[in-house]
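**Q** So the sequence shown is numbered by my numbering: it starts at 1405 and just counts up by one. Can you read through this structure? Questions will come right after.
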Amino acid sequence: MRLKAIFLAAALSLTLTACGAKRPAALTAETEATLKTVQMLPAERIPESGWTEESFSYTVRLGGYQKMFPLTLAECGSLFSVDTEKGLTYDGGKATGRLLFEGCYVGTVSLTDCPSETDLRGGRVRSMTFTAPKAGDGNDYPSLYPVALNKVTIGSSAEDIRQNLGYDVTAAGTIDISEKIGRYQFTIKGDAANGVTAITLTDAGT
1405 MRLKAIFLAA
1415 ALSLTLTACG
1425 AKRPAALTAE
1435 TEATLKTVQM
1445 LPAERIPESG
1455 WTEESFSYTV
1465 RLGGYQKMFP
1475 LTLAECGSLF
1485 SVDTEKGLTY
1495 DGGKATGRLL
1505 FEGCYVGTVS
1515 LTDCPSETDL
1525 RGGRVRSMTF
1535 TAPKAGDGND
1545 YPSLYPVALN
1555 KVTIGSSAED
1565 IRQNLGYDVT
1575 AAGTIDISEK
1585 IGRYQFTIKG
1595 DAANGVTAIT
1605 LTDAGT
C-alpha cells in the first residue's frame, strides 16, 4: 500500500498515542500485522473475461479476512462495531451510524434486519464506507484500514487500481470508479495526490 507522507505521519502518531479518551490504543500489533499481511499476499488474477460475482468475492477482505456477502456486522469480525454514543439512527430494524474498528473511526455503516437497537451487530450489512483521515475533524483514525478489494485500500494509487482491479483512471488527477458485479457494488474515490480516499462496498442483494 502506498501512503503519502502526511498519512504516514498521522498513522505513526496514532500508533504512539491513544485512539481517544474512551478508545483503546490505536490498532494492536497483532491487528496491524494481520492487515499488513493482506498487502503482502499476491493479488487475485484479473479474469480475462472480467470479474464475476464469484471471482470478485474472493478479493474482498474486511479486517484482514476474506468475507462474502451476505453477512452480518458480527460476521465481519469482532473488531467491527457501531458507535452507539454519536451519530446513530435506528428505525424499524434499520440502522446507520459511525463504523468503528478496534475502537477507531473508519467511516459509516448501514445495516438492515437488526434484531434490536441494542443488537446492531446482528444486523445485515447493507453498505460500508471507509474514509481517509481528515485533519482536525475530531475523529480518531486507525493506523491501517480494515478494507481491501484485491489489495486496493485507503491510500492506494491509481496504478494499484489498474494492476489489481483492472480499472483505468481516465480523468486527470481524479479517482472515481463505480461498479456493480453481481451483488457486489462498490465505489472508489480519490485523487492523484492522496490516492484512494474513500471506498464504499454495498450488498446489492439486500
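The beta carbon of each residue, even a glycine, is placed where N, CA and C say it ideally should be.
#1: State the DSSP-derived secondary structure class of R1530, mapped to helix, strand or coil.
#2: Identify which residue in A1596, T1604, Y1509 has its Cα closest to the Cα of K1538.
#3: Shortest alpha-carbon distance to Y1462 belongs to which of G1501, A1478, R1502, N1554?
#4: Are the CB atoms of G1511 and F1484 nearer to each other than 8 angstroms?
#5: Taking a contact to mean a Cβ-Cβ separation below 8 angstroms, would you say I1585 touches W1455 in this structure?
#6: With distance defined between alpha-carbon atoms, name the residue in G1507, Y1494, L1503, L1504 nearest to S1520.
#7: Would V1513 and L1477 qualify as a contact pair, given that the criterion is a beta-carbon distance under 8 angstroms?
#8: Determine the DSSP secondary structure at K1471, reduced to helix, strand or coil.
#9: Can you name the start and end residues of the alpha helix (DSSP H) that L1445 belongs to?
#10: Cα-Cα, which of T1604, P1474, L1605, L1503 is closest to Y1545?
#11: Tell me where the alpha helix (DSSP H) around E1506 begins and ends.
#12: T1557 to L1524, Cα distance in whole Å?
#13: Go ahead and pull the three-state DSSP assignment for S1459.
#14: If T1432 and E1479 are in contact, beta carbons under 8 angstroms, what's the gap, nearest whole angstrom?
#15: Of all the options I1450, E1436, R1530, which has the alpha carbon lying nearest to the alpha carbon of M1444?
#16: Does the distance from the C-beta atom of T1516 to that of T1610 stay below 8 angstroms?
#17: Which partner residues does K1498 have in the DSSP bridge list?
#18: With DSSP run on the structure shown, which of helix, strand or coil describes A1562?
**A** Let me spell this out:
#1: strand
#2: Y1509
#3: N1554
#4: In this structure, F1484 does not lie closer than 8 angstroms to G1511 by Cβ.
#5: yes
#6: Y1494
#7: yes
#8: The answer is coil: DSSP assigns K1471 none of H, G, I, E or B.
#9: First-last for L1445: undefined, no H or E at that position.
#10: Each of T1604, P1474, L1605, L1503 was checked against the Cα of Y1545, and the nearest Cα belongs to L1503.
#11: Run containing E1506: none; DSSP gives neither H nor E here.
#12: In a straight line, the C-alpha of T1557 is about 25 angstroms away from that of L1524.
#13: helix
#14: Actually they are not in contact, since the Cβ atoms of T1432 and E1479 sit about 21 angstroms apart, beyond 8 angstroms.
#15: E1436
#16: yes
#17: D1495
#18: helix
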